[in-house]
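Remarks on the structure that follows.
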């Protein structure tokens, strides 16, 4: 039976049997009802046989090839690089809820807890026992396993793609036989021809994907749902190569599903967005979650006319009116990506227009490296990845220092975004181009997400979520965070880890590149390095050792079961998402303390303090300098009320960015500075992306007023709080 897991502590299972069968494309057709907090519709899967069975063996020899499909000898090669979304940026864990999803499309074989019958390998990786068994071919029906959680699956059916006019050109034989087995083989042959079309025919491919997804069904398929998976069978099919390669699933999300957050924006209007939780998108649609499962997708989304639908799509969708009060939005991607990178945000967003000002955009000549340095792929014929319309092979894209961009926000934050995000974005994009060359993605939307967003930012293809906490206090925090998320376009999205446990591969590089990008317009990069070292040192001293390991699977990194199932180490542990070690444990900055010569620039705490002694008046400090000053003051045992009052007034700490204000709140709490309690309350309400551990500091002093403040703030914010944040805070308070 499927393993019972603690949704806050255990490893996260990736159940999909990707070694057997692999999704190449998803077509989604969805209706979003913000009022009832539900998404309902269909998803169509286009499959190819998995790498384990992509060889020339016949079923008689113990393999899984069908009679018609001899193309298994020339299957697509494995991808040369594996993109994967960031787990930690903006992630959140599951809440205690009913994981069971009841299937209605076939016989319910689950036990009283809703778990279906699964075997479990010695490695601890769950895998379906009803799989293609090469040692005893034909003994059991093949089972398609998809990652699925918190969904109501209503119907599963095979799709008759052979009924779509024009699909015969994807086969070697246009003659149909009456034998159902031959019809099945012919349909699979059509799908193989469709998914392997060359990259320059991508528009035709998307058109046929859409037409095939709307083809009539040709038989319902029995299915079983469990806490973490959806299992689908077809009677008599014993090999993945013979399993229907196009299936359609009708389903409905649940309001408590942990892949999306239903909430209100800063203007009080309802909205929903994908939250980037450790369970990723399996509570948004059934999918294959392992990072090896690279696929393209297209999605049609219908919702009420007052809402704007943003997605991680290559096109800037324009809404199409349907019946009165309903708009339809269509997005697509042609670059194969993991299903976890599918991102959606629906709300009453307002676009911030450039017409309000003349943007200070640095041009190619201002910022670009010589062409041969800016993009070393210029003379290369192949990038080494699976075939798709690659921007690195597009001469026009290689010269595009600033890709098209848009900024969206709730109405009440329009002015802040005009003055800040819209001005900084082209500069950050140009800085990234001058450092790394061609942008991997063709466009970018930036959205200011609701206040319960649990991170400062999260990058997905073509869209970045930013916390409102980056807006106050000037350019520094907003610019640095934009640079960090833009860096993820290369590290974390275009290139990523084969094992989700190792997010240091994306977060470490993005953190390093953040400083390089931002340093083109700012100074004191060495100061930032010192701050990062201090944060890393503090975290290592105050966190569980097992969560500090960047490669927890060690030599078993990337290991999967025979079916392709695996686990994400500590994936369900709530504390993990607040860890900074995979951001800060950078192999360059680790040298700072070990090698004194790294401090040759003279940048030390002592040298910073000299500015106070050797200059007249009060020196004007940059945000990073203020942070370092406040962190140094936090090491002092006592600071009097007059000192704190003077400090706040001198540097206008209440007007600074969130990094500075967080340290100010720490000082207020540590020294029980009652006039500053309002600042703490405001921070906990408006800066939920950063305020979690302030609750712990309010409780640890065992001061009645501070504990009362913590409980008051939590009671006011809990209903709309990210579930992982709420779980961690509740453990601190109760």
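In this note's numbering, the protein residues as written are 6 to 739.
The beta carbon of each residue, even a glycine, is placed where N, CA and C say it ideally should be.
Through-space distance from residue j to residue i, alpha-carbon basis
i: residue 31; j: residue 217; result: 11 Å
i: residue 452; j: residue 411; result: 9 Å
i: residue 292; j: residue 301; result: 12 Å
i: residue 707; j: residue 433; result: 44 Å
i: residue 54; j: residue 251; result: 12 Å
i: residue 228; j: residue 241; result: 15 Å
i: residue 401; j: residue 440; result: 18 Å
i: residue 115; j: residue 153; result: The predicted position of residue 115 is uncertain, since its pLDDT is 33 and thus under 50; no value can be drawn from it.
i: residue 505; j: residue 299; result: 14 Å
i: residue 260; j: residue 43; result: 6 Å
i: residue 664; j: residue 633; result: 10 Å
i: residue 205; j: residue 219; result: 24 Å
i: residue 668; j: residue 718; result: 18 Å
i: residue 174; j: residue 213; result: 12 Å
i: residue 312; j: residue 353; result: 5 Å
i: residue 709; j: residue 509; result: 40 Å
i: residue 273; j: residue 724; result: 14 Å
i: residue 349; j: residue 649; result: 44 Å
i: residue 336; j: residue 700; result: 41 Å
i: residue 246; j: residue 191; result: 12 Å
i: residue 139; j: residue 25; result: For residue 139, the pLDDT reaches just 36, beneath the cut-off of 50, and the residue's location in the model is therefore unreliable, although a value from the coordinates is still provided. Answer to the nearest angstrom: the Cα atoms are 11 Å apart.
i: residue 351; j: residue 689; result: 25 Å
i: residue 757; j: residue 461; result: The requested residue 757 does not occur in the structure, where the chain is confined to residues 6 to 739.
i: residue 52; j: residue 163; result: 12 Å
i: residue 628; j: residue 516; result: 17 Å
i: residue 423; j: residue 359; result: 8 Å
Exposure label - residue i; buried when at least 16 CB within 10 Å
i: residue 399; result: exposed
i: residue 683; result: exposed
i: residue 705; result: exposed
i: residue 651; result: exposed
i: residue 19; result: buried
i: residue 248; result: buried
i: residue 680; result: exposed
i: residue 416; result: exposed
i: residue 2; result: This structure leaves residue 2 out entirely; the chain is present only between 6 and 739.
i: residue 735; result: exposed
i: residue 470; result: buried
i: residue 739; result: exposed
i: residue 661; result: buried
i: residue 643; result: exposed
i: residue 732; result: buried
i: residue 325; result: exposed
i: residue 639; result: exposed
i: residue 655; result: exposed
i: residue 711; result: buried
i: residue 722; result: buried
Integer Cβ distance of residue i from residue j, believed to fall under 8 Å
i: residue 524; j: residue 498; result: Not quite, the Cβ-Cβ distance comes to about 23 Å (not below 8 Å), so this is no contact.
i: residue 480; j: residue 445; result: In fact, because the Cβ distance is near 26 Å, the residues do not count as touching under 8 Å.
i: residue 448; j: residue 408; result: 6 Å
i: residue 168; j: residue 195; result: With 8 Å as the limit, residue 168 and residue 195 do not qualify as a contact, their Cβ atoms being about 10 Å apart.
i: residue 262; j: residue 155; result: 4 Å
i: residue 522; j: residue 437; result: 5 Å
i: residue 236; j: residue 148; result: 5 Å
Cβ-Cβ distance between residue i and residue j below 8 Å
i: residue 165; j: residue 222; result: yes
i: residue 473; j: residue 691; result: yes
i: residue 770; j: residue 161; result: No answer is possible for residue 770: the residues shown for the chain start at 6 and end at 739.
i: residue 466; j: residue 342; result: yes
i: residue 193; j: residue 569; result: no
i: residue 346; j: residue 317; result: yes
i: residue 394; j: residue 443; result: no
i: residue 404; j: residue 483; result: no
i: residue 33; j: residue 304; result: yes
i: residue 485; j: residue 519; result: yes
i: residue 647; j: residue 563; result: no
i: residue 307; j: residue 159; result: no
i: residue 294; j: residue 244; result: no
i: residue 487; j: residue 421; result: no
i: residue 455; j: residue 269; result: yes
8 Å Cβ cutoff, residue i in contact with chain B
i: residue 290; result: The displayed structure is made up of one protein chain only, and chain B is not part of it.
* Asked: Which ranges would you report for the alpha helix (DSSP H) in the segment 629-675 if only whole runs of at least 4 residues count?
  -> Here the runs fully enclosed are 646-656, 663-675.
* Please specify which runs of the beta strand (DSSP E), each continuous and at least 3 residues long, are wholly inside the segment 410-448, giving them in chain order. => Within the segment 410-448, the complete beta strand (DSSP E) runs of at least 3 residues are 410-414.
* Curious, which full-length beta strand (DSSP E) runs of at least 3 residues does the segment 265-323 contain? -> The qualifying runs are 265-269, 275-279, 300-309, 313-316.
* To do: Write down every uninterrupted run of the alpha helix (DSSP H) in the segment 468-528 whose length is 4 residues or greater and which is fully enclosed by it, in chain order.
  => Correct list: 480-492, 509-524.
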